[in-house]
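Student:
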């Protein structure tokens with residue numbers, strides 16, 4: 002925003018090398034950044050960080066961006082903005098992250114009786130930073146906004162009118178996104194476990210006539226229906242504005258937080274769910290920065306990008322397939338497949354191999370060529386899009402996190418493993 006983003010000096014150059022030689026796609030750019038990329042995470046308690054006040058997915062987002070080699074960014078917002086560094090220990094790893102954000106526990110899209118609205122919080126309050134004063138976006142001036150909001154609206158059975166409220170908020174934010182490379186990412190919301198959190202969903206009896214104690218199954222189905230309807234609204238709002246040329250993208254957070262294993266209390270993600278969110282967000286933001294020519298520490302290094310979303314032709318020598326990554330990636334990350342019916346397995350803690358029926362297989366080596374590289378990524382992309390290669394079928398090799406299902410998270414983990422192996 003306000004001329005603070007990037008001075009892009011040259012277009013992205015993408016090279017393609019054959020798969021059989023260890024296919025490597027790298028993204029080179031002469032782009033230079035005059036200031037760190039300013040990123041604002043906006044939303045409710047899921048953005049704020051609900052468990053022990055430990056900043057939720059945002060710490061994992063910062064960590065994953067660092068692992069990708071990109072450190073030239075500054076998290077901004079009205080909360081936790083007194084310092085640029087905090088630490089968190091998770092599974093033996095010390096994560097260092099920037100804690101600033103604009104997440105507010107209990108907030109809705111727009112104010113209504115009983116709820117404070119994100120819209121009013123951003124635009125009806127005055128903020129100060131040095132000599133600068135104004136609304137939140139004017140003062141903290143983000144280049145990228147990650148907006149996830151609407152869970153509290155759905156908890157309150159406020160689906161009706163949510164599209165109009167969301168459009169009002171989104172359009173007001175877009176009006177402030179005046180830089181040529183500014184981008185708003187609008188996210189879907191995770192599932193709500195109504196049977197676990199029925200005590201927060203009392204409005205559903207008044208609005209829809211369903212009661213947990215009378216028919217728990219019907220109650221849960223109505224809540225699930227409202228979550229799905231709201232997420233369709235989110236995607237529709239994005240698509241309509243993209244058609245008008247607005248700088249906005251859809252982020253499908255719903256696809257990466259599993260209701261059975263990823264929620265803390267039926268609404269808020271647990272640490273596993275937050276870590277998946279952080280990884281997903283980092284993939285979305287890093288991919289976007291790569292597309293516009295900003296990649297790597299200080300925007301100058303040439304980090305490998307396994308699936309760039311520009312129009313690039315990837316030829317898989319070992320498969321009778323030629324396709325574009327634009328086609329492959331259209332729906333990846335939004336597809337959630339049925340749980341795999343697999344044999345009992347044992348996997349090591351890093352899930353680099355797994356044993357089934359007495360045979361050890363290499364996780365990630367989808368084409369069984371004893372290598373884990375971009376050829377395997379192409380196969381997994383095709384599978385997620387419902388276009389599997391004729392001579393390959395999905396099995397445990399594709400289950401990167403050993404959770405018994407194959408989805409966009411496995412693709413993200415496969416990409417990350419390839420990146421790490423080439424550093």
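In the numbering used here, the protein residues as written are 2 to 424. Here a beta-carbon is modelled for each residue, glycine too, at the ideal position from N, C-alpha and C.
#1: Quick check: the Cα distance between residue 229 and residue 216, rounded to an integer number of angstroms?
#2: Using 8 Å for Cβ pairs, my map puts residue 140 next to residue 150. What's the rounded Cβ distance?
#3: Can you give the Cα-Cα distance for residue 418 and residue 121, rounded to whole angstroms?
#4: Which two residues bound the contiguous beta strand (DSSP E) that contains residue 74?
#5: In three-state DSSP terms, what is residue 105?
#6: Is residue 172 helix, strand or coil when you go by DSSP?
#7: Determine the DSSP secondary structure at residue 262, reduced to helix, strand or coil.
#8: Closest by CA to residue 184, which one among 171, 212 and 50?
#9: Would you call the region 159 to 176 and the region 57 to 66 touching, i.e. three or more CB-CB distances under 8 Å?
#10: Going by the beta-carbon positions, is the gap between residue 40 and residue 74 smaller than 8 Å?
#11: Residue 179: which of 110, 210, 249 and 222 sits nearest, CA to CA?
#12: Pull up the distance between the alpha-carbon of residue 364 and that of residue 377, whole angstroms please.
#13: Can you find the residues in the same chain that come closer than 8 Å, C-beta to C-beta, to residue 225, ignoring five residues on each side of it along the sequence?
#14: Rounding to the nearest angstrom, what Cα-Cα distance links residue 86 and residue 284 in this structure?
#15: For residue 77, count neighbouring Cβ atoms within 10 angstroms of its own Cβ and tell me buried if that reaches 16, exposed if not.
#16: On a CA-only basis, which of 402, 413, 407 and 146 is nearest residue 375? Give me that one, please.
#17: In terms of DSSP beta bridges, what is residue 90 paired with?
#18: Taking a contact to mean a Cβ-Cβ separation below 8 Å, would you say residue 128 touches residue 135 in this structure?
#19: To the nearest angstrom, report how far apart residue 114 and residue 153 are at their CA atoms.
#20: Excluding five sequence neighbours on each side, which residues of the same chain lie with their C-beta closer than 6 Å to the C-beta of residue 236?
#21: Determine whether the beta carbon atoms of residue 397 and residue 380 lie at a separation below 8 Å.
#22: Express the C-alpha separation of residue 422 and residue 72 in angstroms, rounding to a whole number.
#23: Can you tell me which of the three DSSP states residue 410 falls into?
#24: Excluding sequence positions up to five away, which residues of its chain have a Cβ less than 6 Å from the Cβ of residue 100?
#25: If distances are taken between C-alpha atoms only, which option among 53, 116 and 148 comes closest to residue 104?
#26: Which of the three DSSP states is assigned to residue 148 in this structure?
#27: Would you say residue 91 and residue 272 are within 8 Å of each other, going by their C-beta atoms?
#28: I'd like the span of the beta strand (DSSP E) that includes residue 279, first residue to last.
#29: In this structure, how does DSSP classify residue 363 when only helix, strand and coil are distinguished?
#30: Where are the beta strand (DSSP E) runs, 3 residues long or more, that stay fully inside the region 151 to 229, in chain order?
Tutor: In this structure, then:
#1: Approximately 20 Å, taken between the alpha carbons.
#2: So it is not a contact: roughly 20 Å between Cβ atoms.
#3: Answer to the nearest angstrom: the Cα atoms are 42 Å apart.
#4: Note, residue 74: beta strand (DSSP E), 74 to 76.
#5: DSSP, read as helix, strand or coil, puts residue 105 in coil.
#6: Assignment of residue 172 by DSSP, reduced to helix, strand and coil, places it in the helix class.
#7: Residue 262: coil per DSSP, three-state reduction.
#8: For the residues 171, 212 and 50, the minimum Cα distance to residue 184 belongs to 171.
#9: As far as the Cβ criterion goes, the region 159 to 176 does not touch the region 57 to 66, which means the pair count is below three.
#10: Their beta carbons are under 8 Å apart, which means residue 40 touches residue 74 by this criterion.
#11: Of the candidates 110, 210, 249 and 222, the one whose C-alpha sits nearest the C-alpha of residue 179 is 249.
#12: For the pair residue 364 and residue 377, the Cα-to-Cα distance works out to about 10 Å.
#13: Contacts found: 192, 193 and 195.
#14: Between the alpha carbons of residue 86 and residue 284 lies a gap of roughly 22 Å.
#15: Residue 77 comes out buried.
#16: Nearest to residue 375 by C-alpha distance, out of 402, 413, 407 and 146, is 413.
#17: Answer is 95, bridged to residue 90.
#18: When the beta-carbon positions are compared, residue 128 and residue 135 come within less than 8 Å of each other.
#19: About 12 Å.
#20: Only residues of its own chain outside the window of five on either side were considered, and among them 251 have a CB closer than 6 Å to the CB of residue 236, listed in chain order.
#21: Result no, Cβ atoms of residue 397 and residue 380 do not sit closer than 8 Å.
#22: Using only the alpha carbons, I get a separation of about 20 Å.
#23: Correct three-state label for residue 410: helix.
#24: Once the five neighbours on either side are set aside, the close Cβ partners of residue 100 are 56, 81 and 87.
#25: Ranking 53, 116 and 148 by Cα distance to residue 104 puts 148 first.
#26: Looking at residue 148 - three-state DSSP - the assignment turns out to be strand.
#27: Contact annotation: residue 91 and residue 272 have beta-carbon atoms nearer than 8 Å.
#28: Premise fails: residue 279 lies in the alpha helix (DSSP H), 272 to 292, not in any beta strand (DSSP E).
#29: DSSP places residue 363 in strand when its eight states are reduced to three.
#30: Taking 3 residues as the shortest admissible run, the region 151 to 229 contains the following complete beta strand (DSSP E) segments, listed from N- to C-terminal end: 184 to 188.
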